[in-house]
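A.B. asks: Starting off with a structure, shown below.
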Amino acid sequence: MNNEGASFMVSSEIFELFPGLRLPVAVVDGIEADAEHPEVQELWQRAWAEASREASSYGNAQSHPRVAAWREAMGAIGVSGRKFPSSVESLLRRALKGDEPFSINPLVDFYNAVSLRHLVPAGGFDLGALEGPLELRLTRDGDTFHPLDGSSPERVEAGEVAYASGDEILTRHFVWKQSRRGLLNESTARPSSSARFWAP
175 MNNEGASFMV SSEIFELFPG LRLPVAVVDG IEADAEHPEV QELWQRAWAE ASREASSYGN
235 AQSHPRVAAW REAMGAIGVS GRKFPSSVES LLRRALKGDE PFSINPLVDF YNAVSLRHLV
295 PAGGFDLGAL EGPLELRLTR DGDTFHPLDG SSPERVEAGE VAYASGDEIL TRHFVWKQSR
355 RGLLNESTAR PSSSARFWAP
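For this note's numbering, count along the sequence shown from 1 and bump the result up by 174.
Encoded structure:
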């Protein structure tokens, strides 16, 4: 993908590891991220409630077929679903507890709604905060990741599937955890969002 300076590159190794993987991507310019968007809140609350109802018949989040497919896919490349659950599994677990949906900001609430509505991992990055093109690739020696709850970046072992920009890793284990770099916030003007569909 290349959209007037915004590029997204996927390593061929990713499709070898995940045959049938689909990656829909959207880039939005000039968005008012700091404005109120009641329609997004409504969408988010509805997706939260509907996902909880649908998943309750399976007993737990990881038993839902769409979540289980991600566990199986990541397990096939040696990543523990118990230790590194996908983002949609973590969201669904929270919804199943019966709590009210949490809100971060309209951009994050929107992609979380997409994630629960379709029960797929979804996420987004602030392209303006990245120093290089957005990539989906295997991690390399020298890559670093700055966790949300960490005070400084940490080294990442080579061979993980990850979103990256330069030598900065934006997500660990593909669909598990996001870094501080590229977070969508109220000052974001050009976000990129992607959803990951696994079609075994």
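For each residue, glycine too, the CB sits at the ideal point set by N, CA and C.
1) Are proline 198 and leucine 301 touching if we call contact CB-CB under 9 Å?
2) For glycine 356, which option in Ala229, Tyr285, Glu342 has the closest C-alpha, if you only look at C-alpha atoms?
3) Leaving out five residues before and five after aspartate 315 in sequence, what residues of the same chain have Cβ atoms less than 8 Å from its Cβ?
4) Is the CB-CB distance between tyrosine 337 and leucine 312 below 9 Å?
5) Three-state secondary structure (DSSP) at phenylalanine 348?
6) Among Ala296, Leu310, Tyr285, which one has its Cα closest to the Cα of serine 185?
7) To the nearest angstrom, report how far apart aspartate 317 and glutamate 334 are at their CA atoms.
8) Rounded to a whole number of angstroms, what is the C-alpha to C-alpha distance between glycine 306 and serine 226?
9) Determine the closest residue to serine 289 out of Asn279, Asp273, Ser264, with distance taken between C-alpha atoms.
10) With a CB to CB cut of under 8 Å and the five nearest residues on each side skipped, what residues in its chain are close to histidine 320?
11) Give me the DSSP bridge partner(s) of arginine 311.
12) Can you tell me which of Gln219, Val294, Gly233 puts its alpha carbon nearest to the alpha carbon of aspartate 273?
13) Can you find the residues in the same chain that come closer than 6 Å, C-beta to C-beta, to leucine 304, ignoring five residues on each side of it along the sequence?
14) Rank Leu344, Ile205, Ser277, Tyr232 by C-alpha distance to the C-alpha of leucine 270 and give the top, closest one.
15) Consult DSSP for phenylalanine 258 and reduce its assignment to one of helix, strand or coil.
16) Which residues in the same chain have their Cβ closer than 8 Å to the Cβ of phenylalanine 189, if we skip the five residues on either side of it in sequence?
17) Run through DSSP, which three-state label would alanine 223 get?
18) If you reduce the DSSP assignment to three classes, tell me which class isoleucine 188 lands in.
19) In three-state DSSP terms, what is glutamate 263?
20) Quick one: measure Cβ to Cβ for leucine 191 and isoleucine 251, integer angstroms, because I've assumed they're closer than 8 Å.
C.D. replies: Based on what the coordinates show:
1) no
2) The option with the nearest alpha carbon to glycine 356 is Glu342.
3) Contacts found: Ala332.
4) no
5) coil
6) When the alpha-carbon of serine 185 is set against those of Ala296, Leu310, Tyr285, the nearest one is in Leu310.
7) Approximately 11 Å between the Cα atoms of the pair.
8) 38 Å
9) Ser264
10) Ser326, Pro327, Glu328, Glu342, Ser353, Arg354, Arg355
11) Answer is Ala336, bridged to arginine 311.
12) If you compare the alpha carbons of Gln219, Val294, Gly233 with that of aspartate 273, the shortest gap goes to Gln219.
13) Ser339, Gly356
14) Tyr232
15) coil
16) Taken in chain order, the residues that qualify are Leu195.
17) In this structure, alanine 223 counts as helix in the three-state DSSP scheme.
18) helix
19) helix
20) 5 Å
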